[in-house]
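Chemist:
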Amino acid sequence: MATVQTLNKIRQTLEKHLGRKILLKANKGRKQIVTKKGVLEKVYPSIFVVKLDDEDNGYSRVSYSYSDLLTDNVKLKVIKEPNKLNVS
Numbered sequence: 016m017a018t019v020q021t022l023n024k025i026r027q028t029l030e031k032h033l034g035r036k037i038l039l040k041a042n043k044g045r046k047q048i049v050t051k052k053g054v055l056e057k058v059y060p061s062i063f064v065v066k067l068d069d070e071d072n073g074y075s076r077v078s079y080s081y082s083d084l085l086t087d088n089v090k091l092k093v094i095k096e097p098n099k100l101n102v103s
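Quick note: the sequence shown uses this note's numbering, first residue 16, plus one each step.
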């Protein structure tokens, strides 16, 4: 069973990536896997919220619990953005 310390560690790791673009892969059951891009928007004590970049419907938000990450029902990957060079 997941301990409180493990879930807190997952939450703290996600807090470091707030506002960053991520690739979300969610297992919806019965061999249905959804892959979407979005931004890690909010981190709460029990859940986190991702604002999805959905071209069809504009923007939508989904929320998952930290235990979803622990059990691999949801997988997140931070998308590294190339360094932008500003020339004046």
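Using N, Cα and C, we set each Cβ at its ideal position, and we do this for glycine too.
So who's on the other strand from Q47, going by DSSP bridges?
Modeler: G44
Chemist: Between which two residues does the beta strand (DSSP E) holding L67 run?
Modeler: Counting along the chain, L67 sits inside the beta strand (DSSP E) bounded by residues 62-69.
Chemist: Once you ignore the five residues that flank N42 on each side, which residues in its own chain have a CB closer than 6 Å to its CB?
Modeler: I48, N88
Chemist: Only counting the same chain, and skipping five residues up and downstream in sequence, which positions put a Cβ closer than 7 Å to that of V58?
Modeler: R26, L29, E30, L33
Chemist: Would a C-beta distance cut-off of 8 Å place R76 and V64 closer than the cut-off?
Modeler: yes
Chemist: How about G44 and L67: do their beta carbons lie closer than 8 Å?
Modeler: no
Chemist: What are the boundary residues of the alpha helix (DSSP H) that K24 is part of?
Modeler: 19-30
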